[in-house]
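Peer 1: I'd like to ask some things about the structure below.
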Amino acid sequence: MLLKEGGRLSLHRGTVGHDELIGAPEGSLVSTHSGARLLALRPTFAERVTGRRRKAQPIYPKDLAAILMSADVFPGARVLEAGAGTGALTAALLRAVGESGLVVSYEVREDFLELARDAVSDALGGLPANLDLKLGDVYEAVEERGFDRGLLDLPEPWQAIASFAAAIDPGGILFAHCPNVSQAQRFCDGLREHGGFGLIETIEVLQRGWTIKGRSLRPDHRMIAHTGFLTFARRLAGSEVFETDNF
Numbered sequence: 008m009l010l011k012e013g014g015r016l017s018l019h020r021g022t023v024g025h026d027e028l029i030g031a032p033e034g035s036l037v038s039t040h041s042g043a044r045l046l047a048l049r050p051t052f053a054e055r056v057t058g059r060r061r062k063a064q065p066i067y068p069k070d071l072a073a074i075l076m077s078a079d080v081f082p083g084a085r086v087l088e089a090g091a092g093t094g095a096l097t098a099a100l101l102r103a104v105g106e107s108g109l110v111v112s113y114e115v116r117e118d119f120l121e122l123a124r125d126a127v128s129d130a131l132g133g134l135p136a137n138l139d140l141k142l143g144d145v146y147e148a149v150e151e152r153g154f155d156r157g158l159l160d161l162p163e164p165w166q167a168i169a170s171f172a173a174a175i176d177p178g179g180i181l182f183a184h185c186p187n188v189s190q191a192q193r194f195c196d197g198l199r200e201h202g203g204f205g206l207i208e209t210i211e212v213l214q215r216g217w218t219i220k221g222r223s224l225r226p227d228h229r230m231i232a233h234t235g236f237l238t239f240a241r242r243l244a245g246s247e248v249f250e251t252d253n254f
């Protein structure tokens, strides 16, 4: 919500004037005309990601956190992404690589590319200079080389293995987000058929909250369960495949 002088926020528990919020310190409590109490805070990155209207399926915050950690996206990293979509992963990558890093993001649909551009600008307060949004089909080929990380959020990520394998340096990490397990299976099979990858791992992140208040200690009745399968693999120097069961 953007505040403007004379504006009003209407909720099911009443209305509150924007003028009561403008200039107030973050964390202030305000009351609606019906007496309901509201807490005024700037939205977190996770809230921005899930709160936007979207045409494409987003990668949820719980998965974004796991992706950044398991793919080891570090400050200064050169990251190649395909499937900009809602821009959630793109923005998260930019926050992780910092000003010294680089994010090149491909999208095959021009409307989704514009959607990602708007989402990143909204989340980060503008488009960073180290972001390169490109319209193109990564199933064919990419011109980039010498990248540290490759991230795929595509309907058929196995079709981009060859092009991303050429773009990622040995020791780098290739990741794919797959909504269902059959897609994850085809991606893993594709990595083994292509060769040059090892330590292939697929995980699923389940998030459950707890109520901890006084003597009330219980898990929440609802949880954020399956939202996608996350597959990671290391790029090898040769064409072999290395699995943990090789030991």
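Heads up, the sequence shown is in our numbering, so the first residue is 8 and it goes up one at a time.
A virtual CB, placed ideally from N, CA and C, is assigned to each residue, including glycine.
Count the other CB atoms, across all protein chains shown, that sit within 10 Å of the CB of Ser246; report buried if there are 16 or more and exposed otherwise.
Peer 2: Ser246 comes out exposed.
Peer 1: Is it true that the stretch 163-178 meets the stretch 130-146, where meeting means three or more beta-carbon pairs spaced less than 8 Å apart?
Peer 2: A contact exists between the stretch 163-178 and the stretch 130-146.
Peer 1: Quick check: Tyr67 and Thr57, are their CB atoms within less than 8 Å of each other?
Peer 2: Their beta carbons are under 8 Å apart, which means Tyr67 touches Thr57 by this criterion.
Peer 1: Can you tell me the Cα-Cα spacing of Gly108 and Asp160, whole angstroms?
Peer 2: Taking the straight line from one Cα to the other gives about 20 Å.
Peer 1: Quick check: the Cα distance between Arg102 and Glu114, rounded to an integer number of angstroms?
Peer 2: So the alpha carbons of these two residues sit roughly 20 Å apart.
Peer 1: For Asp139, tell me which candidate among Gly235, Glu88 and Arg55 has the shortest Cα-Cα distance.
Peer 2: When only C-alpha atoms are compared, the closest one is Glu88.
Peer 1: Hey, out of Ala173, Leu10, Glu163 and Gly179, whose CA is closest to Val188's CA?
Peer 2: Cα-wise, what sits closest to Val188 is Glu163.
Peer 1: What residue does the alpha helix (DSSP H) around Thr127 start on, and which one ends it?
Peer 2: The residue asked about is misnamed: residue 127 is Val in this sequence, not Thr. Glu117 to Leu131 is the extent of the alpha helix (DSSP H) around Val127.
Peer 1: Closest to Val110 by C-alpha separation, out of Ala244, Thr22 and Gly90, would be which residue?
Peer 2: Ranking the options by Cα distance to Val110, first place goes to Gly90.
Peer 1: Is it buried or exposed, Gly132, if we count other Cβ atoms within 10 angstroms and call 16 or more buried?
Peer 2: Exposed: under 16 other Cβ atoms inside 10 Å.
Peer 1: Using alpha carbons as the reference points, say which of Leu237, Thr238, Ser223 and Thr218 lies closest to Arg229.
Peer 2: The candidate whose alpha carbon is nearest that of Arg229 is Thr218.
Peer 1: Using DSSP bridges, identify the partner residues of Pro230.
Peer 2: The question names Pro, but residue 230 is Met in the sequence shown. According to DSSP, Met230 bridges with Arg215.
Peer 1: Using 8 Å as the threshold, is the stretch 173-180 in touch with the stretch 25-33, meaning 3 or more CB pairs across them?
Peer 2: Flag = no, the stretch 173-180 and the stretch 25-33 do not touch.
Peer 1: State yes or no: is the C-beta of Leu181 within less than 8 Å of the C-beta of Ala240?
Peer 2: Cβ atoms of Leu181 and Ala240: closer than 8 Å.
Peer 1: Mind checking Thr251: buried by the 16 CB within 10 Å criterion, or exposed?
Peer 2: Flag for Thr251 reads exposed.
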